[in-house]
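Enquirer: Encoded as structure tokens, here's the structure I'll be asking about.
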Amino acid sequence: MSFTEFEGEPRANPVDLVERLAALNDWSFERPGDHEITLSIAGRWADYHISFQWMDELEALHLACAFDLKVPDSRRPEVLRLLAVVNEQLWVGHFDLWPDQGMVMYRHALLLAGGATASGRQCEALLKAAVDAAERYYPAFQFVIWAGKTAREAMDATLFETAGEA
24 MSFTEFEGEP RANPVDLVER LAALNDWSFE RPGDHEITLS IAGRWADYHI
74 SFQWMDELEA LHLACAFDLK VPDSRRPEVL RLLAVVNEQL WVGHFDLWPD
124 QGMVMYRHAL LLAGGATASG RQCEALLKAA VDAAERYYPA FQFVIWAGKT
174 AREAMDATLF ETAGEA
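Printed below as a string of structure tokens:
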């Protein structure tokens with residue numbers, strides 16, 4: 024007998040926690056079904072469209088964060104190089120390029136295998152990681168796509184650490 028053969032109490036839907044978080048922060052959201060919610064959050068560089076989906080078969084709460092930055096075919100190879108450099112720096116989550124739509128997207132998941140339940144704090148941390156990553160790397164993607172910079176030039180221009188105060 025394996026651990027998966029035991030049935031426990033039905034778990035709380037983590038999408039409900041995300042909905043409460045959105046309502047508390049007055050974020051615009053849509054709830055197309057019991058297992059999905061889509062939020063719109065204004066950032067410094069762009070509006071972020073964030074989708075949370077509860078995936079029963081994986082026992083995971085999946086997050087996808089997209090922003091309005093379409094990658095032209097001519098810039099895709101350099102954006103892919105940038106994705107590799109950016110993803111090396113991330114401790115959680117990753118950026119993808121969705122080839123059909125030409126969109127850059129941040130993705131991450133909270134695994135809740137074995138009947139674990141999500142907390143509001145975990146959902147908030149998942150969301151914060153997505154927005155922080157999008158805010159931090161959006162200028163680099165923009166430099167590659169619109170300014171024609173290489174991945175390295177974009178990273179050097181956008182990710183410098185300041186010392187002191189002005």
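Mapping of the sequence shown onto our numbering: position 137 corresponds to residue 160, and the numbering continues sequentially without gaps. Beta carbons are placed, not taken as given, at the ideal position from N, Cα and C, and that holds for glycine.
#1: Just checking, does the segment 145-156 make contact with the segment 113-127 on the three C-beta pairs under 8 Å criterion?
#2: State yes or no: is the beta carbon of Asp-119 nearer than 8 Å to at least one beta carbon in chain C?
#3: Can you check DSSP and say which residues form a bridge with Ser-63?
#4: From what residue to what residue does the alpha helix (DSSP H) around Val-167 run?
#5: DSSP on Val-94, reduced to helix/strand/coil?
#6: Considering Ala-139, what are the terminal residues of the alpha helix (DSSP H) in which it resides?
#7: Nearest CA to the CA of Thr-37: which residue from His-131, Ser-142, Leu-105, Thr-181?
#8: Between the Cα of Asp-57 and those of Ala-136, Pro-100, Met-78, spot the shortest distance and give me the residue it belongs to.
#9: Below 8 Å between beta carbons: does that hold for Glu-42 and Phe-52?
Expert: Looking at the atomic coordinates:
#1: yes
#2: Protein chains in the displayed structure number just one, and chain C is not present.
#3: For the purposes of this step, residue 63 is taken as the residue at position 40 of the sequence shown. Looking at the DSSP assignment, Ser-63 forms a beta bridge with Ser-51, His-72.
#4: Residue numbering aside, residue 167 sits at position 144 when the sequence shown is read from its first letter. Run containing Val-167: 143-169, per the alpha helix (DSSP H) assignment.
#5: Locating residue 94 in the sequence shown gives position 71, counting from the first residue. Looking at Val-94 - three-state DSSP - the assignment turns out to be coil, as it is neither helix nor strand.
#6: In the sequence shown, the residue the question calls residue 139 occupies position 116. That residue, Ala-139, is in no alpha helix (DSSP H); it is neither H nor E in DSSP.
#7: Taking the sequence shown and counting its residues from 1, the one referred to as residue 37 is at position 14. Before going on, a small fix: residue 37 reads as Pro here, not Thr. Closest option to Pro-37, Cα to Cα, is Ser-142.
#8: The residue labelled residue 57 in the question sits at position 34 within the sequence shown. Nearest C-alpha to Asp-57: Met-78.
#9: Taking the sequence shown and counting its residues from 1, one reaches residue 42 at position 19. Taking the sequence shown and counting its residues from 1, one reaches residue 52 at position 29. Yes.
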